[in-house]
Every structure is written in C-alpha cells, then in structure tokens.
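Protein chains in written order, with my numbering: chain V, 273 to 901; chain G, 118 to 388; chain Z, 4 to 408.
For each residue, glycine too, the CB sits at the ideal point set by N, CA and C.
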Amino acid sequence: MSSRAIRHVDGSAERQSIPFYRNVKTLALLAQVIFVLLAALGIWILYRNITTGLASSGLTFTFNFLGSRAGFELGETTIPYSASDTYLKALVVGFLNTLKVGIAGVILCTLLGVMIGVMRVSANWLLSTFALWYVELLRNTPLAVQLIFWYYAIILSIPPRSDNSLQLPGSILVSQIGVALPWVYPTGNFGNWLPWLVAALAVASVAYALRVRQLRREGRFGNRFLVPFIAFALVAGVGYYFASSGNTLPGGTTATVDPLTGSGRVFVDENDNGVRDAGERLLSRVPVTVRIPEARLETISSNVVESREAVYSTFRFPLIQEREFESAEVIFRDPEAAAGLSIHFDSYPSIGVIYRDLNGNGVFDAGEEIYYDANGNGSYDPGEEVPAEGARIRGYNGVGLAMEINGFERRVVSDQTGALRLPIFRPPPAGEEAAAEQSSPGGLAGGLGGLFQTPAQSEAAPEVEASTEVHVPGPLVYSEPTVPRSSYFGGAQLSTPFLALLLGLAIYTSAFVAEIVRAGIQAVPRGQSEAAKALGLSGGQTFRLIIFPQALRVIIPPMISQYLNLTKNSSLAVLVTFSDFFLVSNTVGNQTGQFVSVYVIILVGYLFISLVFSLILNVVNRRVALVER
Amino acid sequence: MSLSTNPATASAPPVGAAEGVNAYAPEGGEKIIEVHGLNKWFGDFHALKDINMSVNKGEVVVIIGPSGSGKSTLIRCLNRLEEHQEGRIIIDGTELTDDVRNIDQVRRETGMVFQQFNLFPHLTVLENITLAPTRVRRWRRKEAEEKARYYLERVGIPDQANKYPGQLSGGQQQRVAIARALTMGPKVMLFDEPTSALDPEVIGEVLGVMVNLAKSGMTMCVVTHEMGFAREVGDRVIFMDAGHLVEVGSPEHFFTSPREERTKAFLSKIL
Amino acid sequence: MIEARKPPQTNAGAVAWARRNLFHGPFSSLATVVLGGILIWAAVSLLGWVFGGANWERLWVNLKLFAVYRYPSDLLWRPLLAVGALLFAFGASASDRERAGSHIFAGAFWQFWALILGLTVVSIVASWQVTPYYILATAMGIGGWLLGRIVPALARNGAYIWIAVLLLTPLLLYGLPWADQGGMRAVPITMWGGFMLTLVLTTGIVPSFPIGVLLALGRRSDLPAISYICTALIELIRGAPLIVWLFIANLMVPFLFNIGPDVLPALGKAYVALVMFSAAYTAENVRGGLQSVPAGQSEAARALGLSGWQTTLLIVLPQAIRAVIPALVGQAIALFKDTSLVFILNLHDFFNVHNTVVQQPASIQITGGIRLELSLFLAVTYFFFAYRMSVASRQIEKILGVGER
C-alpha cells in the first residue's frame, strides 16, 4: 500500500495524464460550451425562422415606422397628443399612462393593504374576519373578472353624461365621462416663486437636521417632521405673497370669447387688433372672468333610460352653478307644442324632468313623467299619458326648452393650449336683432390682481354680448372643473377607464399587500411585544415603536415585488379600454403590421420597468441588511 | 468524564517548533493520508499555508486550534469538499486531482461526520444509512439494511431505525451520522467538530462511540475541542493557527509542556 | 395535597364572547359598529340586487356556452364522461385512509362530488337532455370511492388509475382523429371553450413543473454560462406580463417551430405561452426551495460518495420541492386565474364566453347590460375552485410542518 502511495507521490508525470472526460475542470468547461452552443443554435433557428417568415409576408425588421403619423386618437393623454402625432409619441403616451396608473395604484394599494393587514391581526373578531374574507375573495378571483365587475359597477351607478354629473363636495364632478376635480396649476409666473421654494426646502432641510440632532442630544423620541414642515410652509407662504407682487402678464394679453360657439382663447395681441392673428402667442393657465349680461341656453328633452323599470324624459343644460348668474328661468321654447306639460327643474345645475301634472297638485309626483307612446311615433302626443294596452313606455321626447339667463359670470382658466371653453349661448329672444355691445378697452394692472378690460370678439358675435376680464395669475392658479358641453373643462380629469383600472388593480393588489403586512407583523417575535409591555409602553406605542418598525423590514421587499406585479397587471387595461402601453403597442402593431418590432418595444418597455423595480429592491434589501447588522 | 491516558501515545516524540512544522507520521507505519505542501485560498484569503502531514493506518490524529485557524478547511480538503490550489493530497494511494474517478474513489474510502449532523430530514434513519451503500456501492437493499442495523447497534440506537431525523435528539442524530459513515466501510473517518453542536449532557454518548471506534483500530482525523478525547485515544495532536501547523506532538506533550506561546495561550483558554 | 380544580367559569356565553371579541374598549366598539353597519348595508343591497334587480335569464339560457362553448350538443356526453372518470379516480384515491394527507384528498373530493351532484339535481329539475350523463358522472364518483374502500389495493395504486384517466380524457374530449361521423367523431379544438377550455389550459402546470425545475437548477448551477443563460431566460419571461406573452405567442410560436401561422390553433399558442410563463415562476419558487436546503446536505451526500446528479435528485431536490409545495400550489392557482387572459388570442375560455353572451341580440336589449351579473357569476365560480385549492395548500403546509418538526 505504502509503495503505491509513494509511486503516486513521485510519479508527478501522471498528473498531466488525466483523460479529459474524467477531469472535473474540462468537464465543467465542456458542459458550458455545449450549453452555450445549444442556446445559440436555438436563438439562431428562431432568428432564421423570423427573418424568413417576415420576408414571406413582405416585411422587414425595422423601426422606421415609428416616425410616421399614428392617425389614431387616445382616450387618455398625460402629454399633449393628437392623431397627427407619430407612432413614437403614441407609444410614449401609452408608457406614461402605464406609469400613471402604476404610481397611483401603488399608493392606493399600500393604503388599503396596510389597513386590511392591520385589521387582520386585530383582536376584534369582526375586523379580523372581514379582513380574512376580503383577502380570500380577492386573491382567488381573476383580476380580469374583477376589472369587468368594477368597470360596470361604476358605469351603472353614476350618471352617464358629464352635464348631469354628480356633484360632490369640493367641486368634484362625477359621471361616466370620468371624474373632474379642482386642481392647482403652475402658471407663467411660477418662476417668481421658485427661488422662495428652493429657499423653503433649504430651510426645511436645515430644520430637519437641527431637529434630529436636538432629539438625539436629548435622547428622546419626538416628531422629526413637524418643525421642518412648518418652516417649509412658512417660508413658502411668505414667499408666495412676496412673489405675487412681481406677477405680470405679457403686454397686450387679450382674451376673446365667442358665446355662440362657446369657445375662446387667451393670447398676446401684438398688433392690438383684438383678434388673434397667425403667429400671435397663446397663453396657457391664465384666469379669465367671462361676463354675459343676457343670453339663453337651449336644449331639447330626450329619453334617458335611468333604470330597467323607469323611462324618463329629461333635459339638461350645460352645468351652471347657482352662484354664476343673477337670475335664470327654464321655459318651453314653444309653449303650444308642450301644452299640458310641466317642467320640473329643482335647482341648478340638476337635471330637469318634463312631466304632466296628472293630479293637478302643481308639483311633480312619481309616475307623472311617464307616458305611453300609443301611436308609436316615438315622441309625445297629447293624450298619451293614459296607459294603453301593450304600448311601450316612452318619455316626452323632443320638447324644446330654453333657460333665460341674466348676469352670467364665470371664471375660467385657459388650458394648456391657451383655449377657453364655455357653454353655447343663444341670443335672448327680445335682443336677437340688437347688436351686441362691446366693452371698452383700457384699464391697467393695478396692484395685486390687476385686470385688463379687453374687448370681446369684434365681428363674430353680434347677437350675444360678452365681456372678458383677464386676471394676472399668481405663481399657481386654481382651476375648477366646468362642463361647457359634453366634456369637462378645467381642473384635473380622470377618465372612467382609468378609475376602473386603478380601483381594480389597487383592490386586487391590496389583498396581497395585506397578507404581506400580516405575515410581517406576525414575524416579529412575541417576546418583543412582551418586552415592550414590560417596559410600560402602551398598546399603541408598542405597535408604533416596536412591532411595526421591525415588521417593516420583512414587509418592504415582498411589497416591492407586489408593486411590480401591479404595474405589470396594468396591461389588463385592454379590458376597460384604458390606453396603456400594451394597448397602444397593440394598436400600433395592428396598424403597421410590424409585429416583431412592436414585440421588441413592448418587451424593452416592461423589462425597463422590471429593472427599475429590482434596482429599488436591491437598494432596499441592502439598507435592510445594514440596519440588521 | 474520566479518560485514562493511552500508554501507546505517551511515547510519541514531540515534533515541530517553528512556523510551518511538518506533521509527518512516525516512520514504519503504512501511510494512509499524505499531504504535501498544501495551500488553499478563499479568494485572496490564504486559508491553508504549506501544510505537510501524514497519517498512518490505525492512527488517531486530533486537530485543535482557534476558530478560523483552518482546521475545518484542512479536513474538508481531505475528501475534496474544498478544492486545494497547491500541493498534493493522497488518500490510500489515490491522489486527489481533477480526475473525477480519483475523487469518487477517495470519497468512497473516507467517511465524514459533520458538526451539524447533516442527516437527510426527508429520509428515515434506515434510509439515511442505506442510501449511499445501495446507490454508490450497489449493494442489495437487504444487505445494506443488515449492515445498517449492525452499525446502529454499535452506536447504541438499534430501535430508532424507522424514525425521521427530526424525531431524534442531537446526540442520537450524530450517532446515526457516524453509523451512516461507517456503513460504507471507509478506511478513514473524518470528524469535523462532531460534538460542538450538542448539548453538554449528550456529548458523552457521542464521544463514547468515537472512543470505541478509535480503539477498534479505525484511522481517524478529528477536529475537536474535546481535550479529554484527545488525551484518551489521540495518537498525535496537531495545533493549527492562522492556516499554519504550529505544533505537533503527543497529547501528553500538549497537556504538560507545550512549547509555542500561541499553543499555551490557546490551551489556557479552553482547559 | 391540593386537588386539581377546574378553573372558575367567568368567560362563557355569547355576551361575554362579544364583550371580549367585539367591544373591548372604545375603539374596538366603534370599529365593530361602523364596519358592521357597512357590511349589513352592503349585504342587503347586494342580496336585493341579486334577487331583485339582476337579470339572470341570459346566464341561465347560456349555461352550455359557459361550460363547453361550441362543443357539439349531441356529444356532450363525452366531456361529462370525462368528468365522471376524473371523479372516479379522485374518489378511488381519496378513499385510501392509510396515506398521509388522505383527508385533504377526501375533503376536496367530496366538495367536487357535491358540486356535480348539485348540477345533476339542477339537470333533473330542468330536464336537460344530458341528465343521464350527469347521473352517470355522479355515480362514477361515488363508485370510485366505494370501490377504493372495498378493494384497498385499488386505492393504493391510484396512480395507475390517474394515468389511465388522464390518457382517456383527451381521447374523450377530442374523439378519434380519423372519425368524422358518429359518437366518437373528432371535435377540433377550435370548437373547445368555456370552463372545459379553462381546465385544459390549467393543465399547463404539469409540463411547466419539470421545465421550471430544470431552469431553477440551471440558474443555481456553479457553471457561470449555464447560470447566466437560465437567469436571463427566467428574468426575460418574468419581466413582461402574461398578456404580453400571449400576444407575442400568436406570431412567435409558429416561428419557434417553423410552421405556418395557421397550422397551430390559438389553443396551442396559448398553451406554449402559459407553460413557459408558469415555468419561469415555478423556477423562482423552486430556487427559493433550493436555497432553503442547507449546504451541509449536499456536502454530506458528496462525502458519502454520491455523484452530483445523485445528490441533486435524491437529497437536494426532494427537500427543496417539499419546502415549496405551498408556493407551487399557489402557482397553480395563479395559472388557473391567469387563463382568463387568453381572450387576447380570441379563445373563448370561461371568462371570454361572457363577451359572447353580452353581444347576443337578446342581451343587448337588456337595459344596463348584463356584465355585472355575468362577472359576479364568473367570480363565484373561479373563487370556488381557486379557494378550494388554497385550502388544500394550507392543509399540505400543516402536514409538512408536522413532518419536519
């Protein structure tokens, strides 16, 4: 035996003579080479099949089409986009839409999920049981089904048209067109305020650092954010006041409005002719007060099926708030055609109903709005209020109505393109032949909120008198949503598809987030809360200072992958026709036939999002690891 | 625990003084482990520095040293759980090279016992023991089971054959691990801190099995802090520090007159 | 010596329970009242709508579409027979009391059997043409269970029954490829749809499992080239949403196999996409399991002389997979839910059938549409199956936890 060992020790030549098929190193290398070759072969076959396949259908792999005109509109745009823009721009808009719904969804699902997750570990039986079933129901149902459910649950429970919007407190309008809320936009004067904002930020940072140092020196817990926040608000607020004194508008800024078309614009009237000529600059985000002393709005009634049981004949005027006029009255345009009918119009801006006062009590009672179309002509004829056997239920269709309105005054803010939109006004009946007066030009900016008196459009609107008053905007301008016609103007607008998608994604993901939060809280050893209680901390303090910070370390990493899932799941937007990245890419593919290029774009887009999320995850993991050390 | 001094080891002369001493076995024995000029790096960290040692058949070598000194790495190199970069390792006449056949051969002839037992939790005790004989040695199941039961008997737990490792105490698990290694019929047994993960009251039962094994003539390399064991059955003790073999000698030498300052410092801490 | 006494009974009765669990403290009481109020309001309005406002007639007349879509009406006995065969195999293996976790099988079996029994009763009451086959399927289920009880050997070798049934099922659903007449005539898979198609697509979890395991092993490989390629593939697939892959599969799968765009039906394309997508996620689950197996396990195996493949197959993989069984069941649930996305390929699975029903002239006439009703029906059905699977997953988890101890 020992001789054999010595032979090996001495026979160093034998070392080189290991056959390659027994050498671990060469075997490892060989395996990798074979694997790489197989992978390359697979990719090559795929590549060859694609190129021959494309060639046979007369296509080449190119991205040149991205520069051509897209030719389709998008329902939802975060940046200005129209059908005449390029495919590339359409894709960018889609990508931004995906990010928009992703970010909003992440915030919403975190709020919901943390709430449900904390409920899940509550000692209250009702709360924990509810949270349990919330999670189970949502986790075990496909997101596609949930999206359809939310979309139609929303659609069916809100008014179909924007001029009949639900009005929620805070000037929020809700209809199937979407939700419009008041919003604050930066204006051309925002630059005046910017230095103050920077200063405020700097002051807040310093305050934060001082506060943290103070707390550490005193060795106590305390709110680190309150003092810096107050400092920030103070400096920014004072700055806003001082910055406003420097607010200006370009000289010759003019607003014109044509009440007959309901449109207007704000521009720099360089030649002072009161009309926007080609090349004159349009101004966005400028507040304008429009005054129309006397005019009328017109409409006709139409049947709107409000539910499966009831058919009403309703009419709507463009949404006008009660504070926007001195007096208004709704009348029949042709009282003879509407003989025997009455108008029920509660308050501005609500929808009105035409009814027949069957019991003669002078007020609208349930059922009086329904009539029976006996001769089947589709509209109301006298006598049809009596139910006829087998007749279909109809409304009092096609009756002309008018709202006589005096002293209309509305503050609107020009949009991104410098346009203004108002309802379409008709001339008052008495003043139809009277020429419209024009307010005299002149007036100078005088101190804060100075105003320009500018002439209304000179030739276009002889019949309806309108005047505009341009206000000098502050650094920020407050814009309330209005409903000039069938869509919103002003404020911030969220479409119904967006809301349905957001709601569906957030609720679905919140179930997963809740489970993560529950698991995180339960992962903190029981001894931790026992120790905290033994030290005399209250239940709330124990949770806030001991349990939650520790749970957070377990919670955050899986939470980030849920955020990524939410963003990827937003591709189901196609079900609610929200123009996200996938839907736009799909459309581009269908229009151009360049599917392979489109696939590459889609994959790069989503991989980019995934990459960003995994970078965030890595940073977070590293920080968590540091904290634990 | 009372362990008597083994008279056979008392005569072994103390060897080595300076850094990088040799730990060659006494001449005349049949060398079963030979290590020449062994060097091992983990990245840039030089874990084993110029190790020269050999072990005779039937010898029990105990390796001691502070944690991080490289003693576990050394023993793991002996069956190529760690790959060495320089030097030569020859086990029972087979050199550990990149040759797959040699590696398999060496692993078949050496048994290893780990600090964390490393029993397979998804297999019963019997399956744990018979897995390698049936798959590697290609024994018939019945044959393997008979052998397994024999060694379970020898380590003193014949009635636990059909339990899962999770149902056994730490001491029982480590004895199963020893039985598992023995069933393969190894020529050398390597022990990597076999008692470090055990509760104090069960260390004795595992050491008892190891003492019996040593007395039956098995060649053993043992990394341990159990000086009682070293004194009772150890033929030679090797002290390692910072990747070097610092001092080699009989247990008697170590416990009465260690030469190196580092050895003295270490022994004063653990004794 | 002091005798052991029973504790004093202080916390008994409904009032005490409510005080302890619903009204302990002002915040809890407030939460109970507010949430309770909301829940009662929601339940009342939901029930009021389900039994009052909702229109279920369109659903009722289209049940066949939801079940099998355009599968020929005179051949409906074939899917029902397949259901019966599956219930038979299920019952036979559920009746084995010896096997660990048989109560999981039994619980699931009885619930599915009760579902089919319920449908049978409905079928008898509504006197559908296929009633006899519903009765047959119900009988086959209970028959399998009884047979398993009488002949335990049958139950113990349930795997063979399953294999036989799983071979029989495609034959029943597709028929004889060469026959174009008679009871066993071929039904092209372009005519498949409804819940049947959803289940067919869900079987994609089976091929996705070995692929996923291979990808996971590749990603964990010591050899960098293999590891990089597998990682890249996994991350590429996971990087984009499933709906994108289904969309891509429409054109790319024919390219992959170098066949014309119309040779492979949409079902085949969807299946490839679902399998690969599921495999990538399975790979990540299995990788998690592989990481949970301590390094000492494979070292011990190598020290015993087992080869690399033996170590992986006998020691590491069994432990890794056991550790991730709940995650794998979760993956199956996810796939079951995700099959609803095949609408992008114009396949009419259970979910997409509702679009067909909504577009029927009789449905269009209904004011407000019937999407809400249909989506509620879809949700309830998906929930029944997915929830049943997640319950089984939790039971398995419990058993495994006991085994490991």
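Residue 565(V) by DSSP, collapsed to three states: which one?
DSSP, read as helix, strand or coil, puts residue 565(V) in strand.
Can you name the residues of chain V whose CB is closer than 8 Å to the CB of residue 385(Z)?
412, 413, 414 and 417
Compare the C-alpha of residue 78(Z) against each of 164(Z), 184(Z) and 161(Z) and name the closest.
If we check each option's Cα against that of residue 78(Z), 184(Z) comes out closest.
Quickly, what does DSSP pair residue 169(G) with across the bridge? List them, please.
DSSP output for residue 169(G) lists 139(G) as bridge partner(s).
Taking its Cβ as the centre, do 16 or more other Cβ atoms sit within 10 Å of residue 298(Z), making it buried, or is it exposed?
exposed
Please list the segments of the beta strand (DSSP E) lying wholly inside the stretch 413-470 of chain V, counting only runs of 3 or more residues, in order along the chain.
You should have 438-440, 444-447, 450-453 and 455-458.
Determine which residues of the stretch 212-239 of chain G have a Cβ less than 7 Å from any Cβ of chain Z, and write them out in chain order.
221, 224, 225, 229, 231, 233, 235, 237, 238 and 239
In three-state terms, what does DSSP make of residue 16(Z)?
helix
Could you tell me the distance, in whole angstroms, from the CA atom of residue 732(V) to the CA atom of residue 533(V)?
Residue placement at residue 732(V) is flagged as unreliable, the pLDDT there being 42, under the threshold of 50; the coordinate-derived value follows with that caveat. The straight-line gap separating the alpha-carbon atoms of residue 732(V) and residue 533(V) is approximately 10 Å.
Does chain V have any CB closer than 9 Å to the CB of residue 247(Z)?
yes
For the alpha helix (DSSP H) that contains residue 397(V), what are its first and last residues?
397-411
For the beta strand (DSSP E) holding residue 526(V), just list the boundary residues, first then last.
525-530
Identify the residues that DSSP records as bridge partners of residue 228(G): which are they?
306(G)
For the stretch 172-234 of chain Z, list the alpha helix (DSSP H) runs that are entirely contained and at least 4 residues long, ordered along the chain.
Listed in chain order, the complete alpha helix (DSSP H) runs (minimum 4 residues) inside the stretch 172-234 of chain Z are 197-205 and 208-222.
Is DSSP giving residue 264(G) helix, strand or coil here?
helix
How should residue 857(V) be labelled, buried or exposed, when 16 other C-beta atoms within 10 angstroms of its C-beta is the threshold for buried?
Residue 857(V) is classed as buried because its beta carbon has at least 16 other beta carbons within 10 Å across all chains shown.
So residue 306(V) contacts chain G; which residues on that side make the cut at Cβ distance below 8 Å?
Simply none; closest approach about 17 Å.
Which two residues bound the contiguous beta strand (DSSP E) that contains residue 319(V)?
No beta strand (DSSP E) contains residue 319(V), which is instead part of the alpha helix (DSSP H) from 296-328.
Buried or exposed: which applies to residue 47(Z), given that a residue is buried once 16 or more other Cβ atoms fall within 10 Å of its Cβ?
exposed
From the DSSP output, in three-state form, read off residue 535(V) for me.
strand
Beta-carbon of residue 313(Z) versus every beta-carbon of chain G: anything under 9 Å?
Yes, residue 313(Z) counts as interfacial toward chain G.
Express the C-alpha separation of residue 166(Z) and residue 279(Z) in angstroms, rounding to a whole number.
24 Å
For residue 221(G), list the residues DSSP reports as bridge partners.
None, per the DSSP bridge assignment.
What residue range is occupied by the uninterrupted alpha helix (DSSP H) comprising residue 341(Z)?
328-341
Give the residues of chain Z in contact with residue 196(G), contact being defined as C-beta atoms less than 7 Å apart.
306
Cβ of residue 341(G) within 9 Å of Cβ of residue 150(G)?
no
Starting from the Cα of residue 680(V), find the closest Cα among 615(V), 601(V), 512(V) and 438(V) and give me that residue.
601(V)
Measure the alpha-carbon distance for residue 9(Z) versus residue 426(V) and round it to whole angstroms.
57 Å
Count Cβ pairs between the stretch 389-409 of chain V and the stretch 880-894 of chain V that sit closer than 8 Å; are there 3 or more?
no
Within 10 Å of its beta-carbon, does residue 866(V) have 16 or more other beta-carbons around it, so buried, or fewer, so exposed?
buried
Residues of the stretch 186-213 of chain Z in Cβ contact with chain V at a cutoff of 9 Å, in chain order, please.
none
Taking only three categories from DSSP, how would you classify residue 156(G)?
Strand at residue 156(G).
Just to confirm the assignment: which complete alpha helix (DSSP H) runs, minimum length 4, are found wholly within the stretch 304-342 of chain G?
317-332
What does the Cβ neighbour count give for residue 687(V), buried or exposed, with the cut at 16 atoms within 10 Å?
Buried, by the Cβ-count rule.
Return the CA-CA distance between residue 835(V) and residue 374(V), expressed in angstroms with no decimal places.
8 Å
Out of curiosity, what's the CA-to-CA distance linking residue 328(V) and residue 267(Z)?
The C-alpha of residue 267(Z) is placed about 18 Å away from the C-alpha of residue 328(V).
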